[in-house]
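Residue 521 in this note's numbering sits at position 233 of the sequence shown, with consecutive numbering throughout. The C-beta atom is built at its ideal place from N, Cα and C for all residues, glycine as well. Here the structure is a predicted model, which is why all the values come from computation and not from measurement. Input: a single structure, listed below in structure tokens.
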Amino acid sequence: MLELDNIYANYGSVKALKGVSLNVKQNSIVALLGANGAGKSSILKTITNLLRPHSGSITFLGERIDRLKPEKTVRKGIVMVPEGRQVFPELTVYENLLIGSYARKDRAQVKKDFKFVYELFPILHEKMKDPAGTLSGGQMQMLAIGRGLMSKPTLLLLDEPSLGLAPIMVQEIFRIIEEINSRGTTILLVEQNANMALSISDYAYVLETGIISNEGSAAELQNNDEVRQSYLGG
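This is the structure in structure tokens:
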């Protein structure tokens, strides 16, 4: 479905990605693991064309996409839920969700997708008229994911969805990620909570300073001594 082939990308003189190649198969959950500054978010930004690779190629459903404008990438079905939620605090929950559908023309289906999001996140329906800034951190994360779903993604990119959340809310967010995937959305997940990420993923890549240092099925990486020592608490 998605293929990155030998991607190099920089922030000015800083080399962020150094020959990254990876594949995301349709209907799978793929995790990107690594420490802060390893380049995980940079990969998501290159996929969405917020960061232009200076060499290499990105293919989605058989089509080169690495020279598209970001808004055209969204229309192709690739949607990112950014780190830190980034909801619009003064707008209502409903208005935040509506913004997620801005690129769509199938208004009848948009109404059905509101229903889908409210089924996934009943609290958002309960608070639909409340300003997003009044929500808890976990509720904001639900809103950010719901807003992403309103774009009708084929591929959903999640950047640190559990960051700053209480353990019980982390469990709920990961349960919802599995539910979204079970309904046909492919997911590329950037997550520092490696144990949780591997528990729901089909495949994973480990990134170190812009280079993929390890990859394999979730089960393989869970049993890899190096990965366990560095990311899974031994």
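Where the beta strand (DSSP E) through residue i begins and ends
| i | result |
| --- | --- |
| LEU338 | Per DSSP, LEU338 belongs to no beta strand (DSSP E) and is neither H nor E. |
| VAL308 | 302 to 312 |
| ALA297 | 290 to 299 |
| ILE353 | Run containing ILE353: none; DSSP gives neither H nor E here. |
| GLU496 | 491 to 496 |
| LEU321 | 317 to 321 |
Own chain residues within Cβ distance below 6 Å of residue i, not counting five before or after
| i | result |
| --- | --- |
| VAL318 | VAL312, LEU476, TYR491 |
| LEU445 | LEU332, MET368, LEU476 |
| ASN469 | ILE317, ILE475 |
| TYR493 | LEU310, LEU320, ILE500, GLU503 |
Collapsed DSSP secondary structure at residue i in the structure displayed
| i | result |
| --- | --- |
| GLU448 | coil |
| ARG363 | helix |
| GLY472 | coil |
| THR422 | helix |
| THR442 | coil |
| THR334 | helix |
| ARG463 | helix |
| ARG435 | helix |
| LEU509 | helix |
| VAL398 | helix |
| SER329 | helix |
| GLU407 | helix |
| GLU503 | strand |
| VAL458 | helix |
| VAL515 | helix |
Which listed residue (the options) has its alpha carbon closest to that of residue i
| i | options | result |
| --- | --- | --- |
| GLN510 | ILE500, ILE488, ILE499, GLU496 | ILE488 |
| PRO410 | LEU520, VAL381, LEU444, VAL367 | VAL381 |
| MET430 | LEU443, GLU414, THR442 | GLU414 |
| THR497 | ALA304, ILE295, SER343, PRO358 | ALA304 |
| LEU379 | ARG435, TYR299, GLU467 | ARG435 |
| ASN298 | LEU338, GLY322, GLU291, ASN315 | LEU338 |
| GLY350 | ALA506, LEU292, TYR406 | LEU292 |
| GLY365 | PHE348, ARG355, GLN374, PRO341 | PHE348 |
| TYR406 | GLY325, ILE433, ASP394 | ILE433 |
| VAL302 | PRO441, THR336, ALA326, PRO455 | ALA326 |
| LEU356 | GLN374, THR334, ARG373 | THR334 |
Own chain partners of residue i with C-beta closer than 8 Å, once the 5 adjacent residues on each side are dropped
| i | result |
| --- | --- |
| PHE376 | GLU383, ASN384, ILE387, ALA420 |
| VAL458 | SER450, ASN481, MET484 |
| ARG363 | ALA391 |
| GLU466 | ILE317, ILE488 |
| GLY307 | ASN294, ILE295, TYR296, GLY344, ILE499 |
Contacts around residue i, its chain only, beta-carbon distance under 7 Å, and the 5 residues preceding and following it disregarded
| i | result |
| --- | --- |
| GLU448 | GLU371, VAL478, GLU479, GLN480 |
| GLU359 | ALA391 |
| GLY322 | LYS328, VAL494, LEU495, GLU496 |
| THR361 | THR336, ASN337, ILE353 |
First and last residue of the uninterrupted alpha helix (DSSP H) at residue i
| i | result |
| --- | --- |
| ILE387 | 381 to 388 |
| ILE488 | 482 to 488 |
| LEU526 | Here the chain covers residues 289 to 522 and nothing more, so residue 526 does not appear. |
Expected contact under 8 Å - CB spacing of residue i and residue j to nearest Å
| i | j | result |
| --- | --- | --- |
| SER389 | SER329 | About 25 Å separates the two Cβ atoms, so there is no contact after all. |
| ILE408 | ILE464 | Note that residue 408 corresponds to Leu in the displayed sequence, not to Ile. With a Cβ gap of about 6 Å, LEU408 and ILE464 count as contacting. |
| GLY425 | GLY452 | 6 Å |
beta-carbon residue i near the ligand ADP non-hydrogen atom, thresh 7 Å
| i | result |
| --- | --- |
| ASN483 | For the structure depicted, the ligand ADP is absent and the ligand set is empty, with no information on it obtainable. |
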